[in-house]
Amino acid sequence: AQSVTQLDSQVPVFEEAPVELRCNYSSSVSVYLFWYVQYPNQGLQLLLKYLSGSTLVKGINGFEAEFNKSQTSFHLRKPSVHISDTAEYFCAVSEGSGGGADGLTFGKGTHLIIQP
Amino acid sequence: GVTQSPTHLIKTRGQQVTLRCSSQSGHNTVSWYQQALGQGPQFIFQYYREEENGRGNFPPRFSGLQFPNDSSELNVNALELDDSALYLCASSFGTNTEAFFGQGTRLTVV
């Protein structure tokens, strides 16, 4: 079974500053990794995903993440945040070698607060 | 996209509820998640080509159906107060590929 730990429940950052949201996972098999964003009263939108290949993954809205197998991490970064980035961010993992029947395992989320 | 109905629902403890989802056209897989307040979504189950393909740690009173016309249902019997949550439907083409989420149904059990 896999698990996901998002180390920060809340991250305040000033507008136009860089941000990193941390995610660590635990799994005994190969994994697929995802970052989703959830705006208030909305569903989840996929920001980016790592399935295989290059460990640096670029997503939408200027976000990127780096897969580090030795540290079992998949941290999300953005070089300059905007007020519209205020939202809840979820890291998720699925079993890469399996058929996906166990669904996605999500972390508890990190609330990104952009301060003007 | 993926659409869910209704958006909000209030039910009494002990009642039964049916939530509906319309998948993205052509997607053959639908998954359902429960998101309690302040928590990440938890996997309930997945349907692939109208058969249950996998299940999370949820009791049998949570059941589902997937229809050939891109629609699906989540049924919950004997509602409990702890069932109050946002229920999310996600569809995909394949069981372990990118999933697209709906806006969710907010269920309140009183």
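Residue numbers (this note's numbering), protein chains in the order written: chain Y, -11 to 104; chain D, 4 to 113. Every residue gets a Cβ at the ideal spot worked out from N, C-alpha and C, and that includes glycine.
**Study point:** Cβ neighbours of GLU55(D) in the same chain (closer than 8 Å, five flanking residues each side left out)
**Key:** Its chain contains PHE48, GLN49 and GLY67 as the residues whose beta carbon lies nearer than 8 Å to that of GLU55(D), once the 5 sequence neighbours on both sides are disregarded; these appear in chain order.
Practice item. Determine, using beta carbons only, whether GLY47(Y) comes closer than 7 Å to chain D. Key: no
**Study point:** Contact belief for ILE13(D) with THR108(D) at Cβ below 8 Å, rounded distance in angstroms
**Key:** Their Cβ separation, rounded to whole angstroms, is 11 Å, which puts ILE13(D) and THR108(D) out of contact at 8 Å.
Check your understanding: Below 7 Å between beta carbons: does that hold for ASP73(Y) and ILE101(Y)?
Key -> No, they are not a contact pair.
**Study point:** VAL81(Y) versus HIS30(D) - alpha carbon distance
**Key:** 21 Å
Check your understanding: beta strand (DSSP E) containing PRO28(Y): first to last residue?
Key -> Here PRO28(Y) belongs to no beta strand (DSSP E), and DSSP marks it neither H nor E.
Exercise for review: Using the Cα positions of GLY31(Y) and TRP35(D), report the straight-line distance between them to the nearest angstrom.
Suggested key: 12 Å
**Study point:** Contact under 7 Å by Cβ, GLU4(Y) with SER68(Y)
**Key:** Between GLU4(Y) and SER68(Y), the CB-CB gap stays under 7 Å.
Check your understanding: Which bits of chain Y does PHE104(D) rub up against, with CB to CB less than 7 Å?
Key -> GLY31 and LEU32
Check your understanding: Within 7 Å (strictly less), CB to CB, does PRO62(D) reach chain Y?
Key -> no
Check your understanding: Got a sec? Which residues, its chain only, sit under 6 Å from LEU22(D) by beta carbon, not counting five neighbours each side?
Key -> For LEU22(D), where only same-chain residues beyond five positions count, the Cβ hits under 6 Å are LEU77, TYR90 and THR108.
Check your understanding: Which residues share a DSSP beta bridge with ASN12(Y)?
Key -> THR(-7)(Y) and SER61(Y)
Exercise for review: Note down, in chain order, each residue of its chain lying with its Cβ closer than 6 Å to the Cβ of GLU53(D), except the 5 sequence neighbours on either side.
Suggested key: GLN69
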